[in-house]
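Trainee:
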Amino acid sequence: MTKYRDTIIIGAGLSGLVVANKLSRTFPTHSFALVEKDRTTGGVIRSFVDGGFQAEYGPHGFLDNCQESRDLLTQTGLDKECVKAPLSTFVRYVCIGGKLQMIPQSPLKIIKAPLIPWRDKVKVLGDLFKKPLGGEPTVAKWADYRFGKALLPYVDAVFTGTYAGDYNELKIDAVMPGVRALEKQYGSVIRGAIVKARLAKKQATSVKKLEMPAMTSFPGGMQRLTDKLAESLSPGENLFLNTQASGVTKTASGWQVTSSTASFNCRNIVLALPLNQALPFLGMLDSSLPSTHIPEAWIATVVFGYKNATLPPGFGFLIPEIEKRFILGTLFSSNMFPNRAPEGHIVFETLVGGRRHPERLELADEELISQCLRDCEDLLDLPNQPVYTKVLRPAGGIPQLEKDYPRLLSWKNTLVQNHPGLFICGFGWEGIGLNDMIKKAAYIAEDVGHGNRQGKKEEGLKKVYF
Ligand SMILES: Cc1cc2nc3c(=O)[nH]c(=O)nc-3n(C[C@H](O)[C@H](O)[C@H](O)COP(=O)(O)OP(=O)(O)OC[C@H]3O[C@@H](n4cnc5c(N)ncnc54)[C@H](O)[C@@H]3O)c2cc1C
767 MTKYRDTIII GAGLSGLVVA NKLSRTFPTH SFALVEKDRT TGGVIRSFVD
817 GGFQAEYGPH GFLDNCQESR DLLTQTGLDK ECVKAPLSTF VRYVCIGGKL
867 QMIPQSPLKI IKAPLIPWRD KVKVLGDLFK KPLGGEPTVA KWADYRFGKA
917 LLPYVDAVFT GTYAGDYNEL KIDAVMPGVR ALEKQYGSVI RGAIVKARLA
967 KKQATSVKKL EMPAMTSFPG GMQRLTDKLA ESLSPGENLF LNTQASGVTK
1017 TASGWQVTSS TASFNCRNIV LALPLNQALP FLGMLDSSLP STHIPEAWIA
1067 TVVFGYKNAT LPPGFGFLIP EIEKRFILGT LFSSNMFPNR APEGHIVFET
1117 LVGGRRHPER LELADEELIS QCLRDCEDLL DLPNQPVYTK VLRPAGGIPQ
1167 LEKDYPRLLS WKNTLVQNHP GLFICGFGWE GIGLNDMIKK AAYIAEDVGH
1217 GNRQGKKEEG LKKVYF
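So for the sequence shown, the working numbering puts the first residue at 767; every next one is plus one.
1. In three-state DSSP terms, what is Y1154?
2. Please confirm whether P825 and L1200 have their CB atoms less than 8 Å apart.
3. How is the beta strand (DSSP E) around E949 delimited, first residue to last?
4. Using a threshold of 7 Å, is the CB atom of A879 nearer than that to any non-hydrogen atom of ligand 1?
5. The alpha helix (DSSP H) with P1172 in it runs from where to where?
6. Do you know offhand how far I811's Cα is from L874's?
7. Taking only the alpha-carbon atoms, compute the straight-line gap between H1185 and T807 and give it to the nearest angstrom.
8. Between V801 and ligand 1, is there a pair consisting of the residue's CB and a ligand heavy atom that are separated by less than 7 Å?
9. Where does T1058 fall in DSSP's three states?
10. Looking only at C-alpha atoms, which of I877, L1039, R836, G1071 sits nearest to G779?
11. So within the segment 856 to 931, which uninterrupted beta strand (DSSP E) runs reach at least 3 residues, ignoring any that extend past its ends?
12. Could you tell me the distance, in whole angstroms, from the CA atom of D719 to the CA atom of I775?
13. Taking Cβ positions, are R1106 and Q1166 nearer each other than 8 Å?
14. Whole angstroms are fine: how far does the CA of V1214 sit from the CA of D893?
15. With a CB to CB cut of under 6 Å and the five nearest residues on each side skipped, what residues in its chain are close to I1112?
16. Flag G1187 as yes when its Cβ comes closer than 7 Å to any non-hydrogen atom of ligand 1, and as no otherwise.
17. Which partner residues of N1034 appear in the DSSP bridge assignment?
18. Please tell me whether, using a cut-off of 7 Å, the distance from the CB of M1203 to the nearest non-hydrogen atom of ligand 1 is below it.
19. Out of K962, I882, D886, G953, point me to the one whose CA is closest to G900's CA.
20. Among K887, S854, G1162, G1082, which residue has its Cα nearest to the Cα of P1042?
21. If we ignore side chains and look at the alpha-carbon of each, how far apart do L1175 and D772 end up?
22. Can you give me the C-alpha to C-alpha distance between M981 and P1172, rounded to a whole angstrom?
23. Going along the chain, which residues of its own chain have a beta-carbon closer than 7 Å to the beta-carbon of G1226, five neighbours each way excluded?
24. Quick one: what's W1021 bridged to in DSSP?
25. Just to confirm my understanding: we take Q989, look at its own chain, exclude 5 residues before and 5 after, and list those with CB closer than 7 Å. What are they?
26. Could you give the residue range of the alpha helix (DSSP H) that holds E1133?
27. Where are the alpha helix (DSSP H) runs, 4 residues long or more, that stay fully inside the segment 1044 to 1120, in chain order?
28. Using the DSSP secondary-structure output, state which residues sit across from Q969 in a beta bridge.
29. Give me the Cβ distance between T926 and L1094, rounded to the nearest whole Å; I'm assuming they're in contact under 8 Å.
30. Roughly how many angstroms separate the alpha carbons of A1208 and L1148, rounded to a whole number?
31. Which class does L1227 belong to by DSSP, given the choice of helix, strand or coil?
32. Report the residue from F1189, I1164, V785, D932 whose alpha carbon sits nearest the alpha carbon of G1197.
33. In the structure shown, what three-state DSSP assignment does E716 receive?
34. Going straight from the alpha carbon of F856 to that of Q871, what length do you get?
35. Which residue wins for smallest C-alpha separation from R858, given the options L783, T1096, E902?
36. Rounded to whole angstroms, what's the CA-CA distance from D1131 to K850? Just pull it up for me.
Pasting the structure below:
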């Protein structure tokens, strides 16, 4: 039997859950159904706990510098539960020349720190005098042009930490549109950042002191966020689990969604799917689809628990490719948030694989553990053997915003304009971070709830912090 809802949302990861949650809270007369192919909600967000050791299959946290995410926490009451690790007090490290180098947390301290020789620091200032780089350069090419070669390992580490990506492939316009806009608007990233910082400081004094953001999670891990969002949904009424959407077609009055268990007629359809999983549906609507797949970076997380050991202070470390290590980096989980390990123990999570080394994920768990351990023992002061190890393999890969992405994004935006009642959010479309997902999903819920069948034009720039 075909059911009717005002809106059908496909995919109950964070994106779909935010749309559903906002619709039910703000527009209670608007009927919707959220269809999800798995037996649980949350998508790639999944927390892990075993014998007092806590870790994450997917995201570890998000920065509290996004208004829509802060609003979501307040509206759901999660603001009273969340745990925070402020960037101002937590340093990070980058492995250079086989050693962990501490990266200070303020731009001024970074300039003063002996990370690169002074002559290379002078080269960084070349940014002030260079024209914006034309075309669609990769991150590596762009960073080399603006700041010189000495910074490249650090830039590589940043994109390893966020995309598990290859900065020789990622496009700067796609991954840092805000920074690229500073370059274009002010003729220099440094000049643009100074102007923006001054402006922000001026605005902040009248309201609140400008602060560095904080990494945010929950005592039970990130899954608390999606579990909480799903709490208000009713299975069989507005939540359909084990229901894989298989087709979308346009009808005279809206849309029809077919799935493995039911079909729905609706006025609006929200595709809240990772980019690659949304593409087959978009191809059903317009055969001029410019690309059927973009690359993804898959990682595995290897969890290590130790008794009577200490970690260096801070969030953890990242390793640029040039170091030729097995691991991508490590999160000092028990430093970041309380109660991640039993009393007298520490826990850290080491990441492996990524865009450059998918072959490493083919290894059996024991081999992964032993190879990761070799790097960790070399870089950290670990007095004994781990008392706990576990390999976690996330449910999804991280979409890589590489050469086909800009064309795909602009094609998608035109498609949406041509199909009133079609809304698209999800992993990889407008960024990859949790804040990006929450922001876009909240906008879509507003549009849908207010009866706008055409989404708002994309808003402002992304923050420098993802
Ligand atoms: C390993 C990893 C680490 C990450 N770390 C961070 C981090 O630390 N900080 C951060 O900000 N972000 C991080 N991210 C990104 C963040 O997790 C994502 O931005 C976010 O979770 C994506 O949510 P989503 O709902 O868009 O997609 P998903 O979580 O992928 O959800 C999509 C849902 O759609 C369902 N689905 C797919 N096809 C169908 C279909 N045909 N019918 C019905 N349902 C369907 C899927 O089963 C899934 O439940 C990380 C991601 C990964 C993979």
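C-beta atoms are modelled at their ideal positions from N, C-alpha and C, and glycine is treated no differently.
Mentor: Per the coordinate set shown:
1. strand
2. yes
3. Unbroken run through E949 is the alpha helix (DSSP H), 943 to 952; no beta strand (DSSP E).
4. no
5. 1171 to 1184
6. Between I811 and L874, the alpha-carbon positions lie close to 35 Å from each other.
7. Roughly 28 Å between the two C-alpha positions.
8. yes
9. Correct three-state label for T1058: coil.
10. Nearest C-alpha to G779: L1039.
11. 858 to 862, 865 to 869
12. For residue 719 there is no data in the structure shown, the boundaries of the chain being 767 and 1232.
13. no
14. 43 Å
15. Y1072, A1075, L1077, S1100
16. no
17. According to DSSP, N1034 bridges with T773.
18. In this structure, the C-beta of M1203 approaches ligand 1 to less than 7 Å from one of its heavy atoms.
19. G953
20. In the sequence as presented, Pro is not what sits at residue 1042; that position holds Asn. Checked all of K887, S854, G1162, G1082; the closest Cα to N1042 is G1162.
21. 26 Å
22. For M981 and P1172, the distance between alpha carbons rounds to 29 Å.
23. In this prediction, G1226 scores a pLDDT of 46, lower than 50, which makes its location untrustworthy; the coordinate-derived value is nonetheless stated afterwards. Here the set comprises nothing.
24. W1021 is bridged by DSSP to K1016, C1032.
25. Closer than 7 Å at the Cβ level, and outside the excluded window around Q989, lie G808, I811, R812, S813.
26. That run of the alpha helix (DSSP H) goes 1131 to 1145.
27. 1099 to 1102
28. For Q969, which the question treats as bridged, DSSP gives no partner whatsoever.
29. 5 Å
30. Cα to Cα, the separation comes out at about 44 Å.
31. At L1227, the pLDDT of 42 sits below 50, so the modelled position is not reliable and the matter cannot be decided from this model.
32. I1164
33. Beyond the ends of the chain as shown, which are 767 and 1232, falls residue 716; an answer cannot be given.
34. 8 Å
35. T1096
36. 31 Å
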